[in-house]
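Under the numbering used here, the very last position in the sequence shown is 127; numbers go up by exactly one each time. Positions of the beta carbon are idealized from the N, C-alpha and C atoms, including for glycine. Read the structure below first, then the notes.
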Amino acid sequence: MKYEWMDQALCAQVDPGLFFSEGPRNTSRKALRICSTCPVQPECAAFASALEGDLTAKYRYGAWGGKSVQQRAIEGGTPQVDARDEQIIRMTNRGMTPGEIAEQLGISDRTVARVRAAHREQEAV
Numbered sequence: 003m004k005y006e007w008m009d010q011a012l013c014a015q016v017d018p019g020l021f022f023s024e025g026p027r028n029t030s031r032k033a034l035r036i037c038s039t040c041p042v043q044p045e046c047a048a049f050a051s052a053l054e055g056d057l058t059a060k061y062r063y064g065a066w067g068g069k070s071v072q073q074r075a076i077e078g079g080t081p082q083v084d085a086r087d088e089q090i091i092r093m094t095n096r097g098m099t100p101g102e103i104a105e106q107l108g109i110s111d112r113t114v115a116r117v118r119a120a121h122r123e124q125e126a127v
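Here it is in structure tokens:
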């Protein structure tokens, strides 16, 4: 699917490898600097938000909208991220280990730990 705004994106003018370098955790700082000055950053961020919910999406990793996948996950707030976090808590309550949860959902152990810690903090309040 092609969107008109993509033609104006600064990333379209450089090596795409900068934006999708070796897996979900290795977003290039150079890519994020390019994103920070891009005129279509809001459109790109909205597109990234839509991609985050599709765990099979080929391009859900990398720099989108001026943020790495980790930055987007930390911000959360999307229905897909909220649903994922709820699923992590349900699986935790069923006695699954962080490794089992991460493997089943296709996410990192660190994401599971972060969600569980945030949940514990929220429960303590």
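Are Pro100 and Ala120 close, meaning C-beta to C-beta below 8 Å?
-> No, Cβ-Cβ distance for Pro100 and Ala120 is not below 8 Å.
Relative to the C-alpha of Ser70, which residue among Gln106, Ala50 and Leu12 is closest?
-> Residue Ala50 holds the alpha-carbon nearest to the alpha-carbon of Ser70 among Gln106, Ala50 and Leu12.
Cβ neighbour criterion (16 or more within 10 Å) applied to Tyr63 | Buried.
Euclidean distance between Cα positions of Thr125 and Trp7 | Thr is not the amino acid found at residue 125; the sequence shown has Glu there. In this structure, the straight-line span from the alpha carbon of Glu125 to that of Trp7 is close to 42 Å.
Where does Gly108 land, buried or exposed, given buried means 16+ other C-beta within 10 angstroms?
-> Classification for Gly108: exposed.
Going by DSSP, what residues sit across from Lys69 in a beta bridge?
-> Bridge partners of Lys69: Trp66.
Grab the span of the alpha helix (DSSP H) containing Cys37 for me, first residue to last.
-> Start and end: Arg31 to Ser38.
How about Leu12 and Thr39: are their beta carbons less than 8 Å apart?
-> Yes, the Cβ-Cβ distance between Leu12 and Thr39 is below 8 Å.
Start-to-end residues for the alpha helix (DSSP H) that takes in Gly101 = Looking at the DSSP string, the run of the alpha helix (DSSP H) that includes Gly101 is Pro100 to Leu107.
Should Val117 go down as buried or exposed, given a rule of 16 or more other Cβ atoms within 10 Å for buried?
-> Answer is buried; the Cβ neighbour count reaches 16.
Terminal residues of the alpha helix (DSSP H) in which Glu125 lies | Taken as a continuous stretch (DSSP letters only), the alpha helix (DSSP H) holding Glu125 covers Asp111 to Ala126.
Ignore the nearest five residues each way along the sequence and tell me which others in Asp87's own chain have a CB closer than 6 Å to its CB.
-> Answer for Asp87: Val117, listed in chain order.
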